Amino acid sequence: MHPHSTSSKGRALIPPAEETPKGLYYLSNLDQNIAVIVQTIYCFRAEDKGNEGAAEVMKEALAKVLVHYYPLAGRLTISSEGKLIVDCTGEGAVFVEAECEGVMEEIGDITKPDPVMLGKLVYTVPGAKNILEIPPLVAQVTKFRCGSFILGLAMNHCMFDGLGAMEFVNSWGETARGLPLAIPPFIDRTILRCRSPPSIEFPHHEFAQIDDISNTAALYQEEMLYRSFCFDPEKLSQLKKMAVEDGTISSCTTFEALSGFVWRARTGP
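Residue numbering for the sequence shown follows this note's numbering, starting at 1 and increasing by one per position.
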């Protein structure tokens with residue numbers, strides 16, 4: 001897809017369809033650690049034209065599903081304790097409609113990272129200097145000449161992990177189809193609040209301060225290359241056999257084998 005072939009038709013704020021709770025929404029210490037913007041795209045192929053109203057359907061469904069996920073309609077801010085929290089203002093998520101003059105197949109292999117292509121399918125809030133100036137949820141629906149469309153999302157990781165994000169997307173889709181939510185969200189994170197006063201029952205060496213000798217800041221001065229590597233089930237099985245063949249361990253998970261392999265490849269000579 002050529003970078004110039006996508007044009008925006010408009011941007012709107014989509015508030016929840018019903019009145020929702022206002023006030024400050026607690027984010028746990030776990031949520032504080034990775035407050036980064038995660039961009040994803042979801043492709044919907046159409047055999048024939050007929051999805052002209054897709055954006056409007058998605059917009060109406062978003063307003064309805066935000067009633068259940070109302071913190072997404074708020075804005076990130078910093079509490080008096082210096083913690084990241086959500087101010088549940090109810091002002092809404094950002095929703096952008098766009099059109100592409102080509103067909104969806106022209107995008108090519110989306111499994112290969114392409115920042116230029118992704119930048120045309122996921123809306124970037126202009127002028128935002130930090131995450132506090134970016135709404136927790138930004139959505140873009142791009143319609144193609146062939147009738148297909150792509151939903152591009154930019155969500156702050158402090159609101160969802162991968163599983164939670166997919167539950168939200170599934171709930172949005174169910175709402176668009178007029179179905180009840182298969183998994184109603186439980187969004188009260190105060191159950192993860194630390195004890196007051198704190199009660200430390202054993203040492204946490206993982207939080208001990210150590211000198212940073214990694215010089216990772218220098219990586220940002222180098223040209224960034226984007227690559228993706230596919231490990232099919234056969235290769236993953238082979239990696240797991242290699243991980244246990246010297247007898248040091250008797251078994252390992254797929255994740256352990258793959259992450260260990262990547263670590264050795266990245267840190268080895």
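Backbone N, C-alpha and C define an ideal beta-carbon position, used for all residues, glycine too.
Just so you know, these numbers come straight off a predicted model, no measurement behind them.
Does the beta-carbon of Gly152 have 16 or more other beta-carbons within 10 angstroms, so that it is buried, or is it exposed?
Burial call: buried.
Considering only C-alpha positions, which residue in the set Gly119, Arg195 and Pro71 is nearest to Phe160?
Comparing Cα positions, the closest option is Pro71.
According to the neighbour-count rule (16 or more other Cβ atoms, all chains shown, within 10 Å of its Cβ), is Ala54 buried or exposed?
With 16 or more other Cβ atoms within 10 Å, it is buried.
With H, G and I counted as helix, E and B as strand and the rest as coil, what does DSSP make of Gly23?
In this structure, Gly23 counts as strand in the three-state DSSP scheme.
Start and end of the alpha helix (DSSP H) containing Asp87?
First-last for Asp87: Leu84 to Cys88, but that is the beta strand (DSSP E), not the alpha helix (DSSP H).
Are the region 162–179 and the region 58–78 in contact at 8 Å, needing three or more beta carbon pairs?
At 8 Å Cβ cutoff, the stretches touch.
On a CA-only basis, which of Ala257, Phe229 and Thr254 is nearest Thr111? Give me that one, please.
Looking at the Cα atoms, Phe229 is the closest of the given residues.
So Val65 is in the alpha helix (DSSP H); what residue range does that whole segment cover?
Ala54 to Val65 is the extent of the alpha helix (DSSP H) around Val65.
If contacts are defined as beta-carbon pairs under 8 Å, then Ala93 and Leu24 qualify, I think. What distance do you get, rounded to the angstrom?
No, Ala93 and Leu24 are not in contact; Cβ-Cβ is about 18 Å, not under 8 Å.
Suppose the cutoff is 8 Å on Cβ atoms and the five residues either side in sequence are ignored; what does the same chain contact list for Leu192 look like?
Excluding positions up to five away in sequence, the list reads Ser28, Asn29 and Leu30.
The alpha helix (DSSP H) that contains Leu236, what's its start and end?
Segment Pro233 to Val244, the alpha helix (DSSP H) holding Leu236.
Quick one: Cα of Tyr69 to Cα of Gly268, how far?
Their backbone Cα atoms lie some 44 Å apart in a straight line.
Can you tell which of Leu121, Val65 and Ser251 has its C-alpha closest to the C-alpha of Asn170?
Selected option, being the one with the closest Cα: Val65.
Going by CA-CA distance only, name the one from Ala218, Tyr220 and Phe207 that's closest to Asn33.
For Asn33, the nearest C-alpha among the options comes from Phe207.
When the distance is taken between beta carbons, is Phe261 closer than 8 Å to Leu225?
No; because the gap between Cβ atoms is not below 8 Å, this pair is not in contact.
Does the distance from the C-beta atom of Asp189 to that of Met104 stay below 8 Å?
As written in the sequence, residue 189 is Arg, which differs from the Asp given in the question. No.
Which residues does DSSP list as the beta-bridge partners of Asn156?
Ile37.
Got a sec: is the Cβ-Cβ distance from Ala243 to anything in chain C below 8 Å?
You won't find chain C in this structure, because it holds only one protein chain.
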